[in-house]
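**Student:** Sharing a structure here in C-alpha cells format.
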Amino acid sequence: MHTIPALFLTASAFAATLAKAIPHIDWVDCSQNVPAVLSSQWPDANLSALPDTLHCGQMLVPMRYDRPIDIDNNITINLAMFRPKKPKGVLFYCPGGTDAGAAVAWQVALGLNSDFTPDFGSLLEYDIMVMDIRGTWGSNPLNASLDIVGPLLGDYPDPSDRSAFDAYLSAASTMWQSWLDMSTPAGILDHVGTREVVQDYDLIRGALGYKRINFLGASTGSYRAAQYAATFPSRVDKFVLDAVVPHGMSMPDQVKYDLIAVNRGLDRADAYCQNNATCYWHHAGRGSVQKVVICSSFTQLFQRSPDLLGIPGSRRTSRK
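Positions -21 to -1, 1 to 299 (mature numbering (1 follows the signal peptide of the UniProt record, and there is no 0)) are the ones given, in order, by the sequence shown.
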C-alpha cells in the first residue's frame, strides 16, 4: 500500500509550494463563478455572453499574517475586475458593511445600475478591482447554524436591569459560539479584522503589478481604505472616502457628527430646491426639505414605536 506516503508527499509538496509562492491571482472562468447576489438583484441580466473586460479571480492568502502561508494557514479570497485593454492605473473599491464586493465589478462590466453603487462611468479607463471581504460571500464565508441563530434574531432594547442584560449576553454568546463552531479553518474568527483585510488588498496589489493604487471606500469601506493608507502610505495614490467611518472615535461621538453631517446635507438640498424650479419643493419656501424629512421620520417612528412617544392608547401615555 502506497496511500499514506503518497498523501504525505502531496501534502509536503503543497506546503513547499506555498512557502515559496510569489503572490499571484488564479484567474477563473467567470461563467462558472457568478456571484449569488447578481441573479437576485438583476434577474434580467444577460449572462450568456460575458464581456472580455470582466475578469474573475481567486487568491490564496494567509489566514493569519503573523505566520508564513502554509498548508494550515491559508484561505481563499474571491475577487472580480473590470479590465480595459490599456488601463491608466487601478482603482480598488470597497463597499460598506459586508456587501458583496466582487459583484460590483460584474455591475460595471455588464452596465448594471444600482442606487447603492457609485457611477463608474467616467473611470472605465482604469482597472477596477473589487474583492469579497474575508469571511463573506466568496472569500471563505463564516458559517452559523440557522437553527440556533434564527430564533435569537430580533429586537434587543438597551438592558434596563440585570435580567435583561443576562438575556442579551446569552443570545450574543450563543450566536458567537455557533460561528466559532461552524466556521473553518479553525481560529478564522480571530483573523477577519480590518488589519488582515488591508493585507489582503496589498497582496492583490502586488499580484497585479501595481506600485500604487487608487482607492474608493464607502461607509465601512472608508475605514478599510484609511487603514490601508496608514499601513502602506508609500503605496497610496488618490484615495476617496465616502460616508466616512472614522478611526478612534466613540460611538456616541460618531452619532453626534453623523447628525451634524446629515443636517448639512439637508441644508444643501434645501438650498438647491430654492434655486432650481424643477425641484418638487421649489415653491414651498425655505426649509421645506427639512420639514418633509422631519415629518416623514416622525411618522415612521410613531408607526414603529408608539409606546415610546406617549401616544394615547399606547402602553405609555403619560409622564410624571
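Using N, Cα and C, we set each Cβ at its ideal position, and we do this for glycine too.
First and last residue of the beta strand (DSSP E) that includes Cys9?
**Tutor:** Counting from 1 along the sequence shown, the entry for residue 9 is found at position 30. Looking at the DSSP string, Cys9 is not in any beta strand (DSSP E), and its letter there is neither H nor E.
**Student:** Going along the chain, which residues of its own chain have a beta-carbon closer than 8 Å to the beta-carbon of Pro14, five neighbours each way excluded?
**Tutor:** On the sequence shown, position 35 is the one that residue 14 refers to. Within the same chain, Pro14 has close Cβ partners Ala59, Ala79, Ala81, Ala82, Trp85, Trp116, Gly117.
**Student:** Can you tell me whether DSSP reads Leu148 as helix, strand or coil?
**Tutor:** On the sequence shown, residue 148 is found 169 positions in, with the first residue counted as 1. Note: Leu148 maps to helix in three-state DSSP.
**Student:** Relative to the alpha-carbon of Ile56, which residue among Phe71, Val69, Gln20, Gln37 has its alpha-carbon at the smallest distance?
**Tutor:** Looking up residue 56 in the sequence shown gives position 77. For Ile56, the nearest C-alpha among the options comes from Gln37.
**Student:** Out of Val272, Gln233, Val234, state which residue places its alpha-carbon closest to the alpha-carbon of Tyr249.
**Tutor:** Working through the sequence shown from its first residue, we reach residue 249 at position 270. Just to set this straight, residue 249 is Asp in the shown sequence, not Tyr. Considering only alpha carbons, the answer is Val272.
**Student:** Mind checking which residues open and close the alpha helix (DSSP H) that includes Asp179?
**Tutor:** One-based indexing of the sequence shown puts residue 179 at position 200. Here the alpha helix (DSSP H) through Asp179 covers 173 to 187.
**Student:** Mind checking whether the beta-carbon of Arg203 lies closer than 6 Å to any heavy atom of the ligand ADP?
**Tutor:** In the structure on display, the ligand ADP does not appear, and there are no ligands present to speak of.
**Student:** Phe61 and Ile107 - do their beta-carbons sit closer together than 7 Å?
**Tutor:** Walking along the sequence shown from the start, residue 107 turns up at place 128. Walking along the sequence shown from the start, residue 61 turns up at place 82. Cβ distance < 7 Å, so Ile107 and Phe61 count as in contact.
**Student:** For a test of the three-state rule: what should DSSP assign to Asn255, helix, strand or coil?
**Tutor:** Taking the first residue of the sequence shown as position 1, residue 255 is located at position 276. Here Asn255 sits in coil by DSSP.
**Student:** Do Asp179 and Phe211 have their C-beta atoms closer together than 7 Å?
**Tutor:** Working through the sequence shown from its first residue, we reach residue 179 at position 200. Working through the sequence shown from its first residue, we reach residue 211 at position 232. Cβ distance not < 7 Å, so Asp179 and Phe211 don't count as in contact.
**Student:** For His226, does the three-state DSSP call read helix, strand or coil?
**Tutor:** For this step, residue 226 is matched to residue 247 along the sequence shown. Coil, per DSSP.
**Student:** My guess is that Gly200 and Gly75 are in contact by the Cβ rule of under 8 Å, so how many angstroms apart are they, rounded?
**Tutor:** Numbered from its first residue, the sequence shown carries residue 200 at position 221. Numbered from its first residue, the sequence shown carries residue 75 at position 96. Indeed, because the Cβ distance is near 5 Å, the residues count as touching under 8 Å.
**Student:** Along the chain, which unbroken stretches of the alpha helix (DSSP H) at least 4 residues long are found entirely within the region 73 to 133?
**Tutor:** With a minimum length of 4 residues, the continuous alpha helix (DSSP H) runs that stay inside the region 73 to 133 are 81 to 89, 125 to 128.
**Student:** Select from Leu70, Asp246, Ala165, Gln156 the residue whose C-alpha is nearest the C-alpha of Ser124.
**Tutor:** In the sequence shown, residue 124 corresponds to position 145, counting from 1. The residue with the shortest Cα to Cα distance from Ser124 is Gln156.
**Student:** Within 10 angstroms of its Cβ, does Asn119 collect 16 or more other Cβ (buried), or is it exposed?
**Tutor:** Here residue 119 is taken as the residue at index 140 of the sequence shown, counted from 1. Buried, because 16 or more other Cβ atoms sit within 10 Å of the Cβ of Asn119.
**Student:** Can you check DSSP and say which residues form a bridge with Cys35?
**Tutor:** By one-based count along the sequence shown, residue 35 stands at place 56. According to DSSP, which records beta bridges pairwise, Cys35 is partnered with Val7, Ala59.
**Student:** Using DSSP with H/G/I as helix, E/B as strand and the rest coil, what is residue 322?
**Tutor:** An answer regarding residue 322 cannot be provided, because it is not within the stretch -21 to 299 covered by the chain.
**Student:** Can you tell me which of Leu39, Lys65, Pro2, Glu175 puts its alpha carbon nearest to the alpha carbon of Thr32?
**Tutor:** The sequence position of residue 32 within the sequence shown is 53, counting from 1. Comparing Cα-Cα distances from Thr32 to each of Leu39, Lys65, Pro2, Glu175, the minimum goes to Lys65.
**Student:** Rounded to a whole number of angstroms, what is the C-alpha to C-alpha distance between Val176 and Pro41?
**Tutor:** Counting from one through the sequence shown, the residue named residue 176 turns up at place 197. Counting from one through the sequence shown, the residue named residue 41 turns up at place 62. When rounded, the distance between both Cα atoms is 11 Å.
**Student:** With a 10 Å radius around its C-beta and 16 neighbouring C-beta atoms as the bar for buried, classify His170 as buried or exposed.
**Tutor:** For this step, residue 170 is matched to residue 191 along the sequence shown. His170 is buried by the Cβ-count criterion.
**Student:** From Tyr147 to Thr153, what does the alpha carbon distance come to, in whole angstroms?
**Tutor:** Sequence index remark: in the sequence shown, residue 147 carries index 168 (1-based). Sequence index remark: in the sequence shown, residue 153 carries index 174 (1-based). Straight-line Cα distance between these residues: approximately 10 Å.
**Student:** So what does DSSP say about Ile54, is it helix, strand or coil?
**Tutor:** Within the sequence shown, the letter at position 75 stands for residue 54. It is a strand residue.
**Student:** If we ignore side chains and look at the alpha-carbon of each, how far apart do Ser10 and Cys35 end up?
**Tutor:** To locate residue 10, count along the sequence shown from 1; it is residue 31. To locate residue 35, count along the sequence shown from 1; it is residue 56. Going by the C-alpha atoms only, they are around 9 Å apart.
**Student:** From the DSSP output, in three-state form, read off Ile167 for me.
**Tutor:** The residue labelled residue 167 in the question sits at position 188 within the sequence shown. Looking at Ile167 - three-state DSSP - the assignment turns out to be helix.
**Student:** Roughly how many angstroms lie between the CA atoms of Trp21 and Asn12, to the nearest whole one?
**Tutor:** Here residue 21 refers to the residue found at position 42 of the sequence shown. Here residue 12 refers to the residue found at position 33 of the sequence shown. Roughly 16 Å between the two C-alpha positions.
**Student:** Should the region 219 to 233 be called in touch with the region 187 to 201, which here means at least 3 C-beta pairs below 8 Å?
**Tutor:** With the cut-off at 8 Å, the region 219 to 233 and the region 187 to 201 touch.
**Student:** What residue does the beta strand (DSSP E) around Ala197 start on, and which one ends it?
**Tutor:** By 1-based counting over the sequence shown, the position of residue 197 is 218. Note, Ala197: beta strand (DSSP E), 192 to 197.
**Student:** In angstroms with no decimal places, state the Cα-to-Cα distance between Ile1 and Cys73.
**Tutor:** Locating residue 1 in the sequence shown gives position 22, where the first residue counts as 1. Locating residue 73 in the sequence shown gives position 94, where the first residue counts as 1. Using only the alpha carbons, I get a separation of about 24 Å.
**Student:** Classify Phe95 as buried or exposed, calling it buried when 16 or more other Cβ atoms lie within 10 Å of its own Cβ.
**Tutor:** Counting from one through the sequence shown, the residue named residue 95 turns up at place 116. Per the 10 Å Cβ criterion, exposed.
**Student:** So Ser198 packs on Val224, CB below 8 Å; how close in whole Å?
**Tutor:** Translated into positions along the sequence shown, residue 198 becomes position 219. Translated into positions along the sequence shown, residue 224 becomes position 245. Contact flag correct, Cβ pair sits at about 6 Å.
**Student:** For Tyr135, count neighbouring C-beta atoms within 10 Å of its own C-beta (all shown protein chains included) and say buried if the count is 16 or more, exposed if not.
**Tutor:** Position 156 of the sequence shown, counting from 1, holds the residue named residue 135. When all chains shown are included, Tyr135 counts as exposed.
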